[in-house]
Amino acid sequence: MNIVVCVKYVPDATGDRSFEADNTVDRVGVDGLLSELDEYAVEQALQLKEKRSDEEITVTALTIGPEKAVDAVRKALQMGADKAVHVQDEAIAGSDAIATSLVLAEAVKKANGGAVPEVVMCGLASTDASMSVVPAMLAERLGLPQVTQASVVETQGDQVRIKRDGDTATEVIGGTMPLVLSVTDQSGEARYPSFKGIMAAKKKPLETWSLADLGVEPAQVGLSVAWSQVEDTAPRPPRTAGEIVKDEDGSGAVALAGFLASKKFI
Amino acid sequence: MSEVLVLIDHVGGEVKKPTYELLTLAARLGTPSAVFIGDPGQAAGAAEKVKAYGAEKVYAIDDAQIKGYLVAPKAEALQQLAAQVAPAAVLLPSSAENKEVAGRLAIKLESGLITDAVDIADGGVTTQSVFAGGFTATAKVTKGTPIITVKPNSAAPVESAAAGSVEQFAVTISDAAKTAQIVAAQPRKASGRPELTEAAIVVSGGRGTGGDFTAVEGLADALGAAVGASRAAVDSGWIPHTFQVGQTGKTVSPQLYVANGISGAIQHRAGMQTSKTIVAVNKDEEAPMFELVDFGVVGDLHTVLPALTEEINKRKG
Ligand SMILES: Cc1cc2nc3c(=O)[nH]c(=O)nc-3n(C[C@H](O)[C@H](O)[C@H](O)COP(=O)(O)OP(=O)(O)OC[C@H]3O[C@@H](n4cnc5c(N)ncnc54)[C@H](O)[C@@H]3O)c2cc1C
Ligand SMILES: Nc1ncnc2c1ncn2[C@@H]1O[C@H](COP(=O)(O)O)[C@@H](O)[C@H]1O
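See below:
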């Protein structure tokens, strides 16, 4: 069985994130890392492999991104993935989710010798763009079922069952492999790379592919052909400093009630 | 004017408020037509509701082949409707599921997609809040039929009487779309409080509650508010994940957000930073949450909240 896990390299959320002049996310001038939410996807891919130890399972980590994005798949290798693919091409810069899903779909297939793998594993959302749409788009492009936003994943043979917090109900969803699976941060702590894992990762296969390797035309991707364009970005105006009071013998509650009343909340 | 399709947000035929907000925004782009995917017997009732907010037509799609499955059949149904109507845009309420429906629909229609808009102006320019609410971006779909998901509380619904004439629309769902099956569903227990994402007031509790949400709930009820929580409270098992506000929980944008015993980590702020008025109670005056507030109380929530609740109830008389 083969599992391809899609991981994204994102700007560090605790650092200063910004936009380039063309309104694309600055991915080069800032510190980045493997998206925390995709660590959960790597973890679930590894757990799947460990739980089915009687089968031969290969976990391939796949990322699309600039040169530094290789750090994302390196970390996945350190955690325990078997091999990695980094798709890097000047033309990809500024791609929207639609183009990203196109490139991912081709790369997922190529990483698996041209066919769809049994499981394409994704995170809940990328922590920068945070659209949570790439897994659905990938499923659409690959013609696969999507079993998304799982907090619990169970498999038996080619059957997959997940639990998820739906919009109005807690649901159990079933699907048959091959499929696209995405997992949330409720699915279980992601492991830290061990020293042994870090050493082993250095010897694991890591390939870099261009668009040409995937048979994707540069004209199909990138900022200029995005199906939607960001017109403008602006930092949110800072909130004006509010009033802060210290509670002493119940004075805080009275002051707060006064504030809420002045705003007509009571 | 061309039609603008608005997917009705409903539970068992009961139309939810975001639908009216979307119809109001849709009127800026064309003539709103509502789309009801559900039990055919409930379509007329839903139409009665949406026609008061400008829906000229209501397309009723029987969900017999849709409801037992995840996402893909809904996307197929909307694709078929869009092919017939050739709408100026398709608007969906931003929920986890609808964003995925929109993603699949965008690929099918070869159209641009914008998610989590908080406003749509004439000409289809959307406003979004990005980077944990730290930035505002305006954007526009430049290819195909704009597909836009819109967050709850993005517009004040404007009443506008329209015909609301119901048209049945028959869809054919492929077997390929019926591959992710809903095996079991446990509807959430009604709390009697407003829906978290739609509420005008949200009162949240974090690790500082120490696991006792009584004071938070008491205040919520005095204010007619929904209850929310930080991930720390959820991870501690004090409250179910569906109450979590933040990057990996719900995004809320109420008139008033009251954060109690929540430090204000960036991932939490991502879910509440766009609230109109923000209030916090925290015993640490250095808590980052205080950087966001309009009014803050440095104090112990276990004494401040019950006293506040009592004060509110007293004022309400
Ligand atoms: C990938 C990722 C996604 C995440 N997603 C989310 C998310 O969606 N939502 C979310 O909330 N977090 C999320 N987090 C976690 C986030 O980083 C914080 O850990 C979390 O928000 C902290 O919760 P807290 O403020 O309740 O707890 P703490 O940070 O421990 O803060 C508790 C606060 O309570 C105060 N306090 C203690 N006792 C009292 C008292 N008696 N009275 C008054 N105040 C008191 C303390 O002074 C402190 O400020 C995410 C993290 C990651 C890595
Ligand atoms: N550039 C990328 N490279 C690899 N995987 C990605 C990329 N962008 C998105 N993904 C995957 O898609 C998921 C959802 O991303 P998004 O739709 O951008 O929120 C992520 O958690 C990843 O698993």
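Here the protein sequences come in this chain order: H and S.
Per this note's numbering, the first sequence starts with residue 3, numbered consecutively.
Per this note's numbering, the second sequence starts with residue 3, numbered consecutively.
Where is the CB? At the ideal position from N, CA and C, for every residue including glycine.
Note that the coordinates shown come from a computational prediction; the quantities given were computed from them, not determined experimentally.
In the three-state reduction of the DSSP assignment, residue 131/S falls in the strand class, which pools E and B. Against chain H, the CB of residue 243/S has a partner CB under 8 Å away; the residue lies at that interface. Residue pairing for residue 121/S: DSSP places it in a beta bridge opposite 129/S. At least 8 Å separates the beta-carbon of residue 138/H from that of residue 185/H. Of the other Cβ atoms in all chains shown, fewer than 16 fall within 10 Å of the Cβ of residue 88/S; this residue is therefore exposed. The beta-carbon distance between residue 32/H and residue 63/H, rounded to whole angstroms, is 22 Å. This is too long to meet the 8 Å contact definition.
By the Cβ neighbour-count rule, residue 142/H is buried, with 16 or more other Cβ atoms within 10 Å of its own.
Chain-order list of chain S residues neighbouring residue 236/H: 137 and 138, by C-beta distance under 7 Å. Here residue 241/S is not near residue 259/S, since their CB atoms are 8 Å or more apart. Contact between residue 84/H and residue 61/H holds: their C-beta atoms lie close to 5 Å from each other, under 8 Å. For residue 28/H, the CB contacts under 8 Å within the same chain, skipping 5 residues up- and downstream, are 13, 19, 20, 21 and 22 in chain order. Going by DSSP, residue 4/H is part of the beta strand (DSSP E) stretching over 4 to 8.
Taking a contact to require three or more Cβ pairs closer than 8 Å, the stretch 79 to 95 of chain S and the stretch 169 to 181 of chain S qualify as touching. Judged by their CB atoms, residue 59/S and residue 68/S are not nearer to each other than the 8 Å cut-off. In the pairwise beta carbon analysis, the stretch 264 to 274 of chain S is classified as touching the stretch 225 to 241 of chain S: at least three pairs are separated by under 8 Å. By DSSP's assignment, residue 282/S forms a beta bridge with 261/S and 298/S. Between residue 174/S and chain H, the shortest Cβ-Cβ separation is not below 8 Å. In the three-state reduction of the DSSP assignment, residue 216/S falls in the helix class, which pools H, G and I. Proximity of residue 167/H to chain S, defined by a Cβ-Cβ separation below 8 Å, is satisfied. When only Cα atoms are considered, residue 178/H and residue 125/H end up about 19 Å apart. Chain S has no Cβ within less than 8 Å of the Cβ of residue 94/H. Straight-line spacing of the CA atoms in residue 135/S and residue 97/H works out to 22 Å. Note that the stretch 215 to 230 of chain S touches the stretch 195 to 205 of chain S; at least 3 beta-carbon pairs, one per stretch, sit closer than 8 Å. A distance below 8 Å separates the beta carbons of residue 198/S and residue 245/S. Chain order is used for the residues whose beta-carbon lies nearer than 7 Å to a heavy atom of ligand 2, namely 8/H, 9/H, 10/H, 37/H, 39/H, 40/H, 43/H, 64/H, 65/H, 66/H, 67/H, 99/H, 102/H, 106/H, 124/H, 125/H, 126/H, 127/H, 128/H, 131/H, 132/H, 133/H, 134/H, 135/H, 136/H, 137/H and 184/H. Only 279, 280, 281, 283, 287, 292, 293, 294, 295, 296, 297, 298, 299, 300, 301 and 302 from the stretch 277 to 304 of chain S bring a Cβ to less than 8 Å from some Cβ of chain H. With a cutoff of 8 Å on beta-carbon distance, residue 175/H and residue 98/S are scored as not near each other. If the five residues before and after residue 82/H are omitted, its C-beta is found closer than 7 Å to the C-beta atoms of 48 and 199, all from its own chain and listed in chain order.
When rounded, the separation of the alpha-carbon atoms in residue 254/H and residue 142/S is 46 Å. From the beta-carbon of residue 188/S, the residues of chain H found nearer than 8 Å are 171, 172 and 173. Around the CB of residue 205/H, fewer than 16 other CB atoms lie within 10 Å, so the residue is classed as exposed.
Taking a beta-carbon distance threshold of 8 Å, residue 13/S counts as an interface residue toward chain H. Of the other Cβ atoms in all chains shown, 16 or more fall within 10 Å of the Cβ of residue 23/S; this residue is therefore buried. Interface with chain S (8 Å Cβ-Cβ cutoff): residue 46/H is excluded. For residue 133/S, the nearest CB of chain H lies under 8 Å from its own CB, placing it at the interface with that chain. Assignment of residue 237/S by DSSP, reduced to helix, strand and coil, places it in the helix class.
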